[in-house]
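Undergrad:
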Amino acid sequence: MVDVLGKSVRKGETVPLEGRGAMTKAEFALRSQFETLFFPSLESAETSKRHLAFDRFSRSGLPGRNVESWCYTDLRRAMSEAYAPAKAEDALAPGFDYGPDIFGSLPGPRLVIVNGFLHRDLSDLSQWPAGVEMSCESGVGRTGKPHFESGGVIGDLNMAFAEEELVLRVQGGNDIALPLHLIVISGGERPLAAHSRVHIDLGDGAKLRVIETCLNVSAIQATHVLDYDGGKGAHFDHVRLQNLSDDAQFLSVVKAGIASDSHFSSFLFAIGGALARSETEMHFYGENARGYASGVALLSGKAFCDISVSAYHSFPRCVSRESHKFVLDDEAHGVFHGHILVHPQAQETDGKQSSHALLLSERSEMNIKPELEIYADDVQCGHGSTSGRLDEVALFYLCARGISEDDAKSMLVLAFVGEVLEEIADEDVRSVLSDYARIQLSKAD
Amino acid sequence: MQENKYLLEIKGLRARVKGSDEEILKGVDLCVPSGEVHAIMGPNGSGKSTLSYVLAGHWNYDVISGEIYLDGESLLGSLPDERAAKGLFLAFQYPVEIPGVTTLALLRQSLNMQRKAGGKAELSIPDFKKIVDEKSKKLNVSGAMLRRPVNVGFSGGEKKRNEIMQMAVLEPKLCILDETDSGLDIDALKLVADGVNALRSPDRSMILITHYQRLLDYIVPDKVHILSAGRIVCNGGKDLALDLENHGYSGFIKASV
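Line by line, the protein sequences give chains S and E. Its first residue numbered 16, the first sequence is counted upward by one per residue in the working numbering. Its first residue numbered 1279, the second sequence is counted upward by one per residue in the working numbering.
1. E/H1336 versus chain S: which residues are under 7 Å apart at the beta carbon?
2. If you run the structure through DSSP and keep just helix, strand and coil, what is E/K1283?
3. For E/V1410 and chain B, any beta-carbon pair shorter than 8 Å?
4. Could you give the C-beta distance for S/G287 and S/G246, rounded to a whole number, given that I count them as a contact under 8 Å?
5. Are the C-beta of S/G170 and some C-beta of chain E separated by less than 8 Å?
6. State the DSSP-derived secondary structure class of E/V1379, mapped to helix, strand or coil.
7. Which word fits E/Q1444, buried or exposed, when buried means at least 16 other C-beta atoms lie within 10 angstroms of its C-beta?
8. Return yes when the Cβ of S/H196 is within less than 8 Å of the Cβ of S/L133, no when it is not.
9. What in chain S is Cβ-close to E/F1388, meaning under 8 Å?
10. Residue range of the alpha helix (DSSP H) that S/M174 falls in?
11. Is DSSP giving S/D252 helix, strand or coil here?
12. Using the Cβ count rule (16 or more neighbours within 10 Å means buried), how would you classify S/T51?
13. Given S/S449, which residues of its chain have a CB within under 7 Å of its CB, disregarding the five upstream and five downstream residues?
14. Does any residue of chain S have a CB that is nearer than 8 Å to the CB of E/G1397?
15. Kindly list, in the order they appear in chain E, the residues whose Cβ is closer than 8 Å to that of S/F69.
16. Would you please state the rounded distance, in angstroms, between the beta carbons of S/R212 and S/V168? I believe it to be under 8 Å.
17. Determine, using beta carbons only, whether E/G1508 comes closer than 8 Å to chain S.
18. Would you say S/A452 lies against chain E (beta-carbon separation less than 8 Å)?
19. What are the boundary residues of the beta strand (DSSP E) that S/C414 is part of?
20. Distance, Cα to Cα, S/C333 vs S/A415?
21. Please name the residue, chosen from S/S379, S/E380, S/G399 and S/E377, that lies closest to S/L387 on a Cα-to-Cα basis.
22. Using the three-state DSSP reduction, which class does S/R404 fall into: helix, strand or coil?
23. Closest Cβ-Cβ distance between S/G433 and chain E: below 8 Å?
24. Which full runs of the beta strand (DSSP E) of 3+ residues lie inside the segment 1400-1481 of chain E, going along the chain?
25. If you draw a straight line from the alpha carbon of E/L1494 to that of E/N1524, how long is it in whole angstroms?
26. In whole angstroms, what separates the C-alpha of S/I505 from that of E/L1384?
27. Give me, in chain order, the residues of the same chain whose beta-carbon lies closer than 6 Å to that of S/A234; leave out the 5 immediate sequence neighbours on both sides.
28. Mind checking if S/E33 is an interface residue toward chain E, Cβ cutoff 8 Å exclusive?
29. Which same chain residues, not among the five before or five after S/Y390, have their C-beta less than 7 Å away from its C-beta?
30. Identify whether S/G245 lies in helix, strand or coil by the three-state DSSP scheme.
31. Any C-beta of chain S sitting closer than 8 Å to the C-beta of E/G1378?
32. For S/G27, which three-state DSSP category applies?
33. Quick one, which of E/S1460, E/L1467, E/L1382 and E/D1463 has its alpha-carbon nearest E/M1423's?
34. Should E/V1410 go down as buried or exposed, given a rule of 16 or more other Cβ atoms within 10 Å for buried?
35. Kindly indicate if chain E contains any beta-carbon less than 8 Å away from that of S/V513.
36. Rounding to the nearest angstrom, what Cα-Cα distance links S/A519 and S/L193 in this structure?
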């Protein structure tokens, strides 16, 4: 590796860069990857947007602890190198076994995205419902809603590198009964970087459920962005199972534009990851809308999972809920940032935020940063947050009723997790995830 | 194996809170024959609740010396769940709230673990429901209460009824009722006492731990023991409780030493 001045750079060394301090080896590698992939620049909307995003990233760099919204998640340090981006030849062979489909019992078509590209051989579109249009687009040219413009580090890296955007459109008034399954796979024969992007557009009054599974098959550095743009009175439910191995760095964003009288929900079931960061942004674009972001993280070993959720209230009478639970064993580390921003005009906002962590080991760690930023005077907003050990009194009570200590512990952990699983409206999905939680927790014993 | 003359036999039991030097039980001797109800009375701090926790196997207490036999089998070294499977039941002074676990789920798990320990097959759901329906009616425990998380939002009376209800379903050999009268109004007390009395049987023994004589008007014991400063200082019949009521603990303990 060489720096801008032609000097060789060793791992861990930094190169000074004007404006924002030293450039890390990974940042330097990202720059050279970007230049190799996307230069010479063509004067099109797509390339300029891509270049703008990379420029924004270059100015901010990989965020470290000095960046407020990343203060517990030191990406700059964790990303000591930048894996080479996935290429066409990294596509998985047709019939590749990526493990069991946890939602296999549920109906609906399967769209499999491998390293950012729709994999037609692995996908199963046989139950494709009428009323949903699918296309693969370059994606980065999208404009219109303010939340598509604001990147953040994950959004910027994704916009700079993602080459394909899977777009799902439901025309107004269509109520799609079957859930759509998205299976987002990153990795291949070697450690690699992957950037995937999905855009979901619901017309006025349309209704859709998306069940997503994100997983990796090798060491990865991946970004994954799901943009949602819903019309008035639309109804969208999203559930994501994120199942990562201990060599996965997975950075994801769910960005929702929520129109008046509509419903948006996103549930995250997170397991594992060397560094997983999941951002959910709910932007309200009209009155009387409801946005729910909730989830559970079951972490053991050295897993690190950061869940950052924000609700931006710019219109009156909207409801937002942010509700997350963490179960941390061994040396696992959980981070929760919750942010509710209420602009002066967003009167009668009802925003609630809660985060609760159960620490099963002395060495596990939880950081919680709740933020309420309220500029309107007639609002109901609040947050609650706890972190603690398993209730010893309850544990003894169960044991005294003849239940073994291990079973009693599982019962209490499942009960803890069960409360937030109740947030999932779809009973079938809830039951799949509740069984899955039981399996995961019994594995840990 | 001990001779099965007594259902419960405690010999020279000394115990302390884990990590502390202070002995709370300083040599408790107590024998409870099958089918008898014994009351243990004593002032605050005499070690009554500690005795119940030590019998149930709470991990926060260390037994220094002594023996505990249930039906001739030593309990020391057994885990709390193993003791429950052997037929010991502790009705808690402060029944704990467990969000997310319904009373029905708890009961079903408890009953099945007990059956498993006894080499019996799991109960089918209809059979289980039948047992629960029958027992809950007697104790005025509603189906709604059973479907709610254990004790969450229950009144004091509801919590105690829920304890007795679990006792009725599990049909233990030895019931230890720790201050079951605390927090109960007179109607709730009668209901709980009726429930306990209904469970009296020749092959079941009970230990009532209480401050006050009042509970013993409703559940008449065969024997009364006075626990003071970690020892049983006086044994007697049911009249002992009345004497205690008249003379108070202080006079009584002095007189007996």
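Just so it is clear, CB atoms sit at the ideal spot from N, CA and C, and this is done for glycine as well.
TA: This is what the structure holds:
1. Within 7 Å Cβ-Cβ: F411.
2. DSSP places E/K1283 in coil when its eight states are reduced to three.
3. You won't find chain B in this structure, because its protein chains are S and E.
4. In fact, because the Cβ distance is near 36 Å, the residues do not count as touching under 8 Å.
5. Interface criterion not met: the Cβ of S/G170 is under 8 Å from no Cβ in chain E.
6. Correct three-state label for E/V1379: strand.
7. Using a 10 angstroms sphere on the CB of E/Q1444, the tally of other CB atoms reaches 16 or more, which defines it as buried.
8. The Cβ atoms of S/L133 and S/H196 lie no closer than 8 Å to each other.
9. Note on residue identity: the sequence assigns Ser, not Phe, to residue 1388 of chain E. What E/S1388 touches in chain S: R416, G417 and I418.
10. Unbroken alpha helix (DSSP H) run through S/M174: G167 to F176.
11. Residue state, collapsed to three classes: strand.
12. Of the residues assessed, S/T51 falls on the exposed side of the cut-off, its CB having fewer than 16 other CB atoms within 10 angstroms.
13. Taking C-beta separations shorter than 7 Å and ignoring five residues to either side along the sequence, the partners of S/S449 in its chain run G433 and L436, following chain order.
14. With 8 Å as the cut-off, E/G1397 does not count as an interface residue toward chain S.
15. The CB of S/F69 never comes closer than 8 Å to any CB in chain E; the least such distance is about 47 Å.
16. At roughly 15 Å, the Cβ-Cβ gap does not stay under 8 Å, so S/R212 and S/V168 are not in contact.
17. By this cut-off, E/G1508 is not an interface position.
18. Under the Cβ distance rule, S/A452 does not count among the residues neighbouring chain E, no pair being separated by less than 8 Å.
19. From DSSP, S/C414 is part of no beta strand (DSSP E) but of the alpha helix (DSSP H) over E407 to A415.
20. One C-alpha to the other measures close to 47 Å.
21. S/L387 has its Cα closest to that of S/G399, out of S/S379, S/E380, S/G399 and S/E377.
22. Residue state for S/R404 is assigned as coil, using DSSP reduced to three classes.
23. For S/G433, the answer is yes, since a Cβ of chain E falls inside 8 Å of its Cβ.
24. As far as the segment 1400-1481 of chain E is concerned, its whole beta strand (DSSP E) runs of at least 3 residues are 1452-1456.
25. When rounded, the distance between both Cα atoms is 14 Å.
26. Any answer about residue 505 of chain S is impossible in this case: the structure gives chain S only from 16 up to 460.
27. Contacts found: P206 and D262.
28. Its pLDDT being 44, under 50, S/E33 is placed unreliably by the model, and the measurement read from it follows with that caveat. No, because no Cβ of chain E sits closer than 8 Å to the Cβ of S/E33.
29. Contacts found: V357, H358 and P359.
30. Strand.
31. Nearest CB-CB separation between E/G1378 and chain S: below the 8 Å threshold.
32. A caution first: S/G27 carries a pLDDT of 42, below 50, which makes its placement in the model unreliable, though a value can still be read off. Of the three classes helix, strand and coil, the one that applies to S/G27 here is coil, per DSSP.
33. For E/M1423, the nearest C-alpha among the options comes from E/L1382.
34. Taking every protein chain shown into account, the CB of E/V1410 has 16 or more other CB atoms within 10 angstroms, so this residue is buried.
35. With chain S covering 16 to 460 only, the question about residue 513 of chain S has no answer from this structure.
36. The structure shown does not extend to residue 519 of chain S, since chain S spans only 16 to 460, so no value can be given for it.
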